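Engineer: Under this note's numbering, the residues of the sequence shown are numbered 299 to 500, in order.
Quick reminder that beta carbons are idealized off the backbone N, C-alpha and C, glycines included.
It should be emphasised that the depicted structure is a prediction, and the values quoted were computed from it without experimental measurement.
I'd like to ask you about the structure that follows.
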Amino acid sequence: MFQALRRVYVAVSDFARSRRFYGETLGLPEEGSFESDWVEFGPGPILLKLTPLRPGEVSSRNQVAIVLSTATLEATLTTLKERGVTVTRGPVEEFTGRSAEILDPDGYRIVVFQPSDLHPDEEWVPASRVDEAVRQKLALIRQREKARVQAAPKGAKKPAGKPAARKPAPKKPAPRKPAPRKAAPRKPAPAKAAPRKPARKR
Numbered sequence: 299m300f301q302a303l304r305r306v307y308v309a310v311s312d313f314a315r316s317r318r319f320y321g322e323t324l325g326l327p328e329e330g331s332f333e334s335d336w337v338e339f340g341p342g343p344i345l346l347k348l349t350p351l352r353p354g355e356v357s358s359r360n361q362v363a364i365v366l367s368t369a370t371l372e373a374t375l376t377t378l379k380e381r382g383v384t385v386t387r388g389p390v391e392e393f394t395g396r397s398a399e400i401l402d403p404d405g406y407r408i409v410v411f412q413p414s415d416l417h418p419d420e421e422w423v424p425a426s427r428v429d430e431a432v433r434q435k436l437a438l439i440r441q442r443e444k445a446r447v448q449a450a451p452k453g454a455k456k457p458a459g460k461p462a463a464r465k466p467a468p469k470k471p472a473p474r475k476p477a478p479r480k481a482a483p484r485k486p487a488p489a490k491a492a493p494r495k496p497a498r499k500r
């Protein structure tokens with residue numbers, strides 16, 4: 299089911315104050331951060347991640363969360379539900395993967411996390427080196443794809459693309475209407491014979 303204990307989240311009411319406490323007072327090395335959204339402290343492999351409280355939340359013990367990695371989030375959640383565990387949040391999609399939240403008997407949050415193919419979670423990379431690790435993974439994926447294409451048989455058919463659009467058939471010219479026939483010229487009527495004069499009596 300689970301592959302590793304990855305990191306521990308602590309949601310704090312005063313982000314700057316807590317950052318100074320863990321970094322300066324306790325002397326934990328800062329491994330990565332993003333503005334005022336989060337900061338990670340080492341040393342690894344398990345990291346402590348501070349985040350501000352979510353809007354409307356109050357500081358309490360349920361602001362601490364343990365993150366457990368899994369290769370199959372849906373299957374893991376199904377198993378947990380069968381054991382009587384309630385999923386309190388998610389699953390949700392994130393840039394780094396997919397996650398859901400559950401609670402332990404005392405109300406502490408546990409994040410069940412499935413890293414994406416590009417997230418170097420299994421390599422224990424701190425946040426400050428995630429970008430470089432992602433670039434390396436992208437390059438490796440491209441190399442594998444290129445090798446797969448080169449290894450394919452030459453006669454192998456390429457995946458069919460979209461069928462080419464058919465050109466519309468040329469329009470046939472409309473048939474010409476026959477020209478109207480000319481009326482035959484009328485023959486002149488025969489001349490009437492002149493009336494005969496009556497013969498004179500002798």
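If you compare alpha carbons, which of Thr-394, Gly-321, Lys-475 and Pro-350 is closest to Ser-367?
Structural biologist: The shortest C-alpha separation from Ser-367 is found at Thr-394.
Engineer: Exposed or buried, what is Gln-441 when buried is set at 16 or more other beta-carbons lying within 10 Å of its beta-carbon?
Structural biologist: So Gln-441 ends up on the exposed side.
Engineer: Alpha carbon to alpha carbon, how far is Tyr-406 from Gly-382?
Structural biologist: Taking the straight line joining both Cα atoms gives about 16 Å.
Engineer: With H, G and I counted as helix, E and B as strand and the rest as coil, what does DSSP make of Ser-316?
Structural biologist: Of the three classes helix, strand and coil, the one that applies to Ser-316 here is helix, per DSSP.
Engineer: Using only CA atoms, which one of Gly-321, Leu-326, Thr-374 and Leu-346 lies nearest to Ala-309?
Structural biologist: Nearest option by C-alpha distance: Leu-346.
Engineer: DSSP on Val-447, reduced to helix/strand/coil?
Structural biologist: Reduced to three states, the DSSP call for Val-447 is helix.
Engineer: Taking Cβ to Cβ, would you say Gln-412 is nearer than 8 Å to Arg-387?
Structural biologist: Contact: no.
Engineer: Where Glu-443 and Leu-324 are concerned, what is the direct C-alpha to C-alpha distance, given to the nearest angstrom?
Structural biologist: Approximately 47 Å between the Cα atoms of the pair.
Engineer: When you compare only the Cα positions, how much space is there between Arg-304 and Asp-335?
Structural biologist: If I take the Cα positions, the gap works out to 19 Å.
Engineer: What span of residues does the alpha helix (DSSP H) with Thr-377 cover, start to end?
Structural biologist: 371-380 is the extent of the alpha helix (DSSP H) around Thr-377.
Engineer: Which same chain residues end up closer than 6 Å to Thr-370 when comparing Cβ atoms and leaving out the 5 residues on each side of it in sequence?
Structural biologist: Nothing listed; no residue qualifies.
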